[in-house]
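S.K.: For reference, the structure I am asking about is given below.
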Amino acid sequence: MKITVFIILILVLLVPVGWFAASGPEMIRLTPIIAEVSPLYMGVIPFIQADKLREQTQPVCDYLAYRIGRPVRLTTVPDYESLARLLELGKIHIAWFSHASFEKLRGKRDWQVVCRPVQYDSVLYSGQIVVREDSGFQTVHDLRGHSFAYVDRYSGSGFYFPNIYLADEGIKPLEFFSEVFFTQSHRSSIVGVLEGRYSAAAVFSSDLVYESGEGLRVIARTGPIPNDPLVVRADLDSTLKTQIEQAMLTMHEDAKGIEFLGNLKILRGTSKYVAESEVQALLRQGDPAR
109 MKITVFIILI
119 LVLLVPVGWF
129 AASGPEMIRL
139 TPIIAEVSPL
149 YMGVIPFIQA
159 DKLREQTQPV
169 CDYLAYRIGR
179 PVRLTTVPDY
189 ESLARLLELG
199 KIHIAWFSHA
209 SFEKLRGKRD
219 WQVVCRPVQY
229 DSVLYSGQIV
239 VREDSGFQTV
249 HDLRGHSFAY
259 VDRYSGSGFY
269 FPNIYLADEG
279 IKPLEFFSEV
289 FFTQSHRSSI
299 VGVLEGRYSA
309 AAVFSSDLVY
319 ESGEGLRVIA
329 RTGPIPNDPL
339 VVRADLDSTL
349 KTQIEQAMLT
359 MHEDAKGIEF
369 LGNLKILRGT
379 SKYVAESEVQ
389 ALLRQGDPAR
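The sequence shown begins at 109 in my numbering and counts up one residue at a time.
Rendered as structure tokens:
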């Protein structure tokens with residue numbers, strides 16, 4: 109009885125081995141499963157109208173995707189505070205802040221500037237205070253008792269640096285202007301001035317934001333302001349962070365990068381991207397020209 113049971117057990121064990129041996133290699137079908145590479149997300153705010161925003165930022169996403177070998181998706185968020193929250197939560201990997209919003213929102217957060225663009229041959233730019241071309245306003249002092257439009261409290265050219273300029277002129281906005289508005293976009297501020305809803309507005313660059321600035325006149329310039337930084341969390345995977353940094357800083361040396369920069373130069377005057385150390389060195393020198 110014991111011998112019979114033993115023989116049966118041996119047969120049970122040997123049958124699968126014999127089956128595989130008899131089947132041959134052609135019977136084994138292995139289907140490889142390739143895991144899809146998860147995308148990176150780049151966050152921006154709608155500082156200009158949606159179609160122009162995508163036109164000016166999508167090339168950077170496309171180039172990064174080409175260089176690092178994974179999709180890079182553009183994500184538009186309503187404001188800089190939302191952008192900061194999403195970066196902290198890891199919902200976006202790369203964030204494009206204004207200089208002022210970066211300085212105000214960073215606080216003790218461990219963020220790192222990857223690069224800043226060189227635009228119109230400079231890493232610094234000037235903001236503008238604009239009025240209607242047919243108005244009688246010649247200087248900011250002529251605006252006493254009139255309405256004034258800012259973009260938002262985290263905008264460099266649309267709030268922070270204009271207020272520094274106004275303070276230097278001895279102007280306290282809440283006392284000086286009849287009304288103060290926050291429009292949430294440079295274009296909205298400009299359109300509001302043209303339509304007569306605001307007497308003046310602090311904006312980035314009227315000729316870049318709205319139809320070559322037609323119908324507007326610049327009565328003051330603010331800054332110099334560092335160009336907008338491309339920011340990541342410092343604890344982002346070090347290999348990925350290095351890939352992003354190297355891709356951006358060598359974009360002007362890469363054939364595909366030069367192709368993308370050709371469009372960006374037309375749209376925003378962007379010729380290349382430089383490291384934060386270069387920008388800070390320039391600020392210490394106090395020289396607005398690059």
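Every residue gets a Cβ at the ideal spot worked out from N, C-alpha and C, and that includes glycine. A quick note: this is a predicted structure, and the numbers were derived from the prediction, not measured.
On a CA-only basis, which of Q292, I374, L348 is nearest P179? Give me that one, please.
M.R.: As a working mapping, residue 179 is identified with position 71 in the sequence shown. It is L348.
S.K.: So, does the segment 211-228 touch the segment 372-387, judging by three or more C-beta pairs under 8 Å?
M.R.: yes
S.K.: Whose C-beta lies closer than 6 Å to the C-beta of S206 among residues of the same chain, with five residues either side of it excluded?
M.R.: As a working mapping, residue 206 is identified with position 98 in the sequence shown. Cβ within range, chain order: S263, G264, D336.
S.K.: Ordered along the chain, which non-local residues of its own chain (more than five positions away) have a Cβ less than 6 Å from that of E386?
M.R.: On the sequence shown, residue 386 is found 278 positions in, with the first residue counted as 1. The answer is none, since no qualifying residue turns up.
S.K.: If you follow the alpha helix (DSSP H) that Q236 is in, where does it begin and where does it stop?
M.R.: For the purposes of this step, residue 236 is identified with residue 128 of the sequence shown, where counting begins at 1. From DSSP, Q236 is part of no alpha helix (DSSP H) but of the beta strand (DSSP E) over 232-240.
S.K.: Starting from the C-beta of L194, find all residues in its chain whose C-beta is less than 7 Å away, skip the five residues before and the five after it, and write them out in chain order.
M.R.: Mapped onto the sequence shown, residue 194 falls at position 86. Taken in chain order, the residues that qualify are G151, V185, I200.
S.K.: Determine the closest residue to N271 out of G235, S243, R295, with distance taken between C-alpha atoms.
M.R.: One-based indexing of the sequence shown puts residue 271 at position 163. Closest by alpha carbon: G235.
S.K.: Do you know how far the Cα of D343 is from the Cα of A192?
M.R.: Here residue 192 refers to the residue found at position 84 of the sequence shown. Here residue 343 refers to the residue found at position 235 of the sequence shown. Approximately 15 Å between the Cα atoms of the pair.
S.K.: So, V259 versus G266, is the Cβ gap smaller than 7 Å?
M.R.: Start at 1 with the first residue of the sequence shown, and residue 259 comes out as number 151. Start at 1 with the first residue of the sequence shown, and residue 266 comes out as number 158. For V259 and G266, yes; Cβs fall inside 7 Å.
S.K.: Could you please give the first and the last residue of the uninterrupted beta strand (DSSP E) stretch that includes T378?
M.R.: Here residue 378 refers to the residue found at position 270 of the sequence shown. Looking at the DSSP string, the run of the beta strand (DSSP E) that includes T378 is 378-382.
S.K.: Counting along the chain, where does the alpha helix (DSSP H) carrying V299 start and finish?
M.R.: The residue you call residue 299 lines up with position 191 of the sequence shown. For V299, the uninterrupted alpha helix (DSSP H) run begins and ends at 294-302, by DSSP.
S.K.: Could you check whether Q157 and R305 sit closer than 7 Å to each other, using their CB atoms as the reference points?
M.R.: Within the sequence shown, numbered from 1, the residue matching residue 305 stands at position 197. Within the sequence shown, numbered from 1, the residue matching residue 157 stands at position 49. Their beta carbons are not under 7 Å apart, which means R305 does not touch Q157 by this criterion.
S.K.: Can you give, in chain order, each stretch of the beta strand (DSSP E) that sits fully within the segment 300-373 and has at least 3 residues?
M.R.: The qualifying runs are 308-311, 324-334, 338-341.
S.K.: Could you check how far apart the C-beta atoms of V238 and I298 are, in whole angstroms? I think they sit under 8 Å.
M.R.: On the sequence shown, position 130 is the one that residue 238 refers to. On the sequence shown, position 190 is the one that residue 298 refers to. Right, their Cβ atoms sit about 7 Å apart.
S.K.: Given this structure, state the Cα-to-Cα distance separating E163 from M356, to the nearest angstrom.
M.R.: The residue you call residue 163 lines up with position 55 of the sequence shown. The residue you call residue 356 lines up with position 248 of the sequence shown. For E163 and M356, the distance between alpha carbons rounds to 18 Å.
S.K.: Spell out the partners DSSP gives G151 in its beta bridges.
M.R.: In the sequence shown, counting from the first residue as 1, residue 151 sits at position 43. Bridge partners of G151: T183, A203.
S.K.: Would you report the Cα separation of I327 and P154, rounded to the nearest angstrom?
M.R.: Working through the sequence shown from its first residue, we reach residue 327 at position 219. Working through the sequence shown from its first residue, we reach residue 154 at position 46. Their backbone Cα atoms lie some 26 Å apart in a straight line.
S.K.: Under three-state DSSP, which class holds V387?
M.R.: Numbered from its first residue, the sequence shown carries residue 387 at position 279. If DSSP states are grouped into helix, strand and coil, V387 belongs with the helices.
S.K.: Which value, in whole angstroms, describes the spacing of the CA atoms of K216 and G177?
M.R.: Walking along the sequence shown from the start, residue 216 turns up at place 108. Walking along the sequence shown from the start, residue 177 turns up at place 69. Distance between the alpha carbons of K216 and G177: 32 Å.
S.K.: Taking 6 Å as the limit between beta carbons, can you name the residues of its chain near R261, skipping five residues before and five after?
M.R.: Locating residue 261 in the sequence shown gives position 153, counting from the first residue. Non-local C-beta neighbours of R261 in its own chain, meaning closer than 6 Å and more than five positions away in sequence, comprise F267, ordered along the chain.
S.K.: Compute the beta-carbon to beta-carbon distance between K373 and Y171, rounded to the nearest angstrom, for a pair I have assumed lies under 8 Å.
M.R.: Here the question's residue 373 lines up with position 265 in the sequence shown. Here the question's residue 171 lines up with position 63 in the sequence shown. At roughly 14 Å, the Cβ-Cβ gap does not stay under 8 Å, so K373 and Y171 are not in contact.
S.K.: Please go through the same chain and pick out, in chain order, the residues whose beta-carbon is closer than 8 Å to the beta-carbon of Q393, but skip the five residues on each side of it.
M.R.: Taking the first residue of the sequence shown as 1, we reach residue 393 at position 285. Excluding the 5 residues flanking it on each side, Q393 has no same chain C-beta neighbour closer than 8 Å.
S.K.: Opposite Y258 in the DSSP bridges: which residues?
M.R.: Locating residue 258 in the sequence shown gives position 150, counting from the first residue. Paired residue(s): F290.
S.K.: Would you kindly work out how many angstroms separate the C-alpha atoms of L182 and T165, rounded to a whole number?
M.R.: The residue labelled residue 182 in the question sits at position 74 within the sequence shown. The residue labelled residue 165 in the question sits at position 57 within the sequence shown. Approximately 8 Å between the Cα atoms of the pair.
S.K.: I need the straight-line Cα distance from L338 to E384, nearest angstrom please.
M.R.: As a first step, residue 338 must be located in the sequence shown, where it is residue number 230. As a first step, residue 384 must be located in the sequence shown, where it is residue number 276. Taking the straight line joining both Cα atoms gives about 10 Å.
S.K.: Roughly how many whole angstroms lie between the Cα atoms of S146 and I352?
M.R.: Here residue 146 is taken as the residue at index 38 of the sequence shown, counted from 1. Here residue 352 is taken as the residue at index 244 of the sequence shown, counted from 1. One C-alpha to the other measures close to 15 Å.
S.K.: Do the CB positions of E241 and R325 come within less than 7 Å of each other?
M.R.: By 1-based counting over the sequence shown, the position of residue 241 is 133. By 1-based counting over the sequence shown, the position of residue 325 is 217. Yes, these two residues count as a Cβ contact at 7 Å.
S.K.: When burial is assigned at 16 or more other CB atoms within 10 Å of the CB, is I202 buried or exposed?
M.R.: The residue given as residue 202 occupies position 94 in the sequence shown. Its Cβ being crowded by 16 or more others within 10 Å, I202 is buried.
S.K.: Along the beta strand (DSSP E) that carries V168, what are the first and last residues, could you check?
M.R.: Within the sequence shown, residue 168 is the residue found at index 60, counting from 1. Premise fails: V168 lies in the alpha helix (DSSP H), 158-176, not in any beta strand (DSSP E).
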